[in-house]
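Position one of the sequence shown corresponds to residue 1 (UniProt numbering), numbered consecutively onward.
Since the structure comes first, as structure tokens, the remarks are kept for the end.
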Amino acid sequence: MLATGRALMTDPKILLMDEPSMGLSPILVNEIFTIIEQLHNSGITILLVEQNAKKALAVADRAYVLETGKISMSGSAKELAEDDRVRKAYLGA
Numbered sequence: 001m002l003a004t005g006r007a008l009m010t011d012p013k014i015l016l017m018d019e020p021s022m023g024l025s026p027i028l029v030n031e032i033f034t035i036i037e038q039l040h041n042s043g044i045t046i047l048l049v050e051q052n053a054k055k056a057l058a059v060a061d062r063a064y065v066l067e068t069g070k071i072s073m074s075g076s077a078k079e080l081a082e083d084d085r086v087r088k089a090y091l092g093a
């Protein structure tokens with residue numbers, strides 16, 4: 001979270017976030033994703049790498065699924081959230 005704060009001090013147009021929820025309590029995970037959504041709504045482009053697919057897809061416009069380092073699926077976040085393969089593999093449905 002400190003690194004994110006420092007990055008925001010430079011008024012970025014794009015922000016790379018690698019696993020921002022890793023190691024955080026569920027309450028802080030909710031908070032960090034609220035902040036990510038606010039940053040996005042303020043006009044900052046965010047490249048988000050996140051294993052919490054449900055949270056990531058909820059705040060994303062587009063999404064990519066990587067398997068063994070290669071893009072195996074891509075589309076709008078809504079399309080991927082509704083895709084049965086993604087739901088079974090990543091969303092526990």
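Ideal placement from N, C-alpha and C gives every residue a C-beta, glycine not left out.
Bear in mind that the values here come from a model prediction, so they are computed numbers and not experimental data.
(message) So, with DSSP's three-state summary, where would you put L16?
(response) The sequence position of residue 16 within the sequence shown is 16, counting from 1. Looking at L16 - three-state DSSP - the assignment turns out to be strand.
(message) Buried or exposed, going by whether 16 or more other CB atoms sit within 10 Å of the CB of E82?
(response) To locate residue 82, count along the sequence shown from 1; it is residue 82. Its Cβ having fewer than 16 others within 10 Å, E82 is exposed.
(message) Could you compute how far the alpha carbon of M73 sits from the alpha carbon of A63?
(response) Walking along the sequence shown from the start, residue 73 turns up at place 73. Walking along the sequence shown from the start, residue 63 turns up at place 63. Each residue's alpha carbon lies about 8 Å from the other.
(message) Here's the rule I'm using: 16 or more other beta-carbon atoms within 10 Å means buried, otherwise exposed. How should S21 be labelled?
(response) Residue 21 sits at position 21 when you count from the first residue of the sequence shown. The residue is buried, with at least 16 neighbouring Cβ atoms inside 10 Å.
(message) Rounded to the nearest angstrom, what separates S76 and Y90 at their Cα positions?
(response) The residue labelled residue 76 in the question sits at position 76 within the sequence shown. The residue labelled residue 90 in the question sits at position 90 within the sequence shown. Looking at the two C-alpha atoms, the distance is approximately 16 Å.
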